[in-house]
Amino acid sequence: MNAYLAFGGEASYPTALIKQGMHWRLFFLGPIGFLLSGCWIAFAISACISAVVLRFTGPAGLFYAYILNLVLAVFAAEIMGWEIRLKGGVLRGVWLGRSMADARLRAADSASGAA
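When the letters of the sequence shown are read in order and numbered with my numbering, they come out as residues 257 to 371.
What follows is the structure, given as structure tokens:
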């Protein structure tokens, strides 16, 4: 079972689910992984940090960039959740499911009042 953070807002705001755990896309692609997820603020901040790390750490800069990618991959769910809260989303709970579709169904059942 996987854990997903559910974020929602007004009725017109769709429920967003963020998987907890390691985000391999961010480990391999770095800040571009945020861009592919639609997290523009997180992309801009992490890309600037990556550029500063690569510019000012000298020959060891690539190693530190890989370490930064690892940190981004481990804390991606919190960073994406922070961005959704900046956009007006509200945490609706943590939902378990074998897949994202299963967790989304459980969240929708709870929101509609079904038992």
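Where is the CB? At the ideal position from N, CA and C, for every residue including glycine.
- In the structure shown, Gly317 adopts helical secondary structure according to DSSP, grouped into three states.
- Note that the C-beta distance between Ala321 and Ser306 is below 8 Å.
- Each residue's CA atom was taken as its position, placing Ile288 and Trp296 some 10 Å apart.
- Secondary structure in the region 258 to 325: the beta strand (DSSP E) runs of 3 residues or longer, each lying completely within the stretch, are 258 to 264 and 272 to 275 in chain order.
- Per the coordinates, the alpha-carbon of Thr313 lies some 49 Å from the alpha-carbon of Ser366.
- In the same chain as Ala333, and ignoring 5 residues on each side of it, the C-beta atoms closer than 8 Å to its own belong to Leu261, Ile274, Lys275, Gln276, Gly277 and His279, in chain order.
- Taking Asn325 as the centre and dropping the five residues before and after it, the same chain places the C-beta of Leu282, Phe283 and Gly286 closer than 7 Å to its C-beta, in chain order.
- 8 Å or more divides the Cβ of Gly345 from the Cβ of Gly294.
- Where Arg341 is concerned, the enclosing alpha helix (DSSP H) starts and stops at Ala332 to Leu342.
- The Cβ atoms of Phe299 and Leu310 do not sit closer than 8 Å to each other.
- With respect to the 8 Å criterion, Ala259 and Ile340 are not classified as neighbours on the basis of their beta carbons.
- Annotation: the continuous beta strand (DSSP E) that includes Arg348 extends over Val346 to Gly353.
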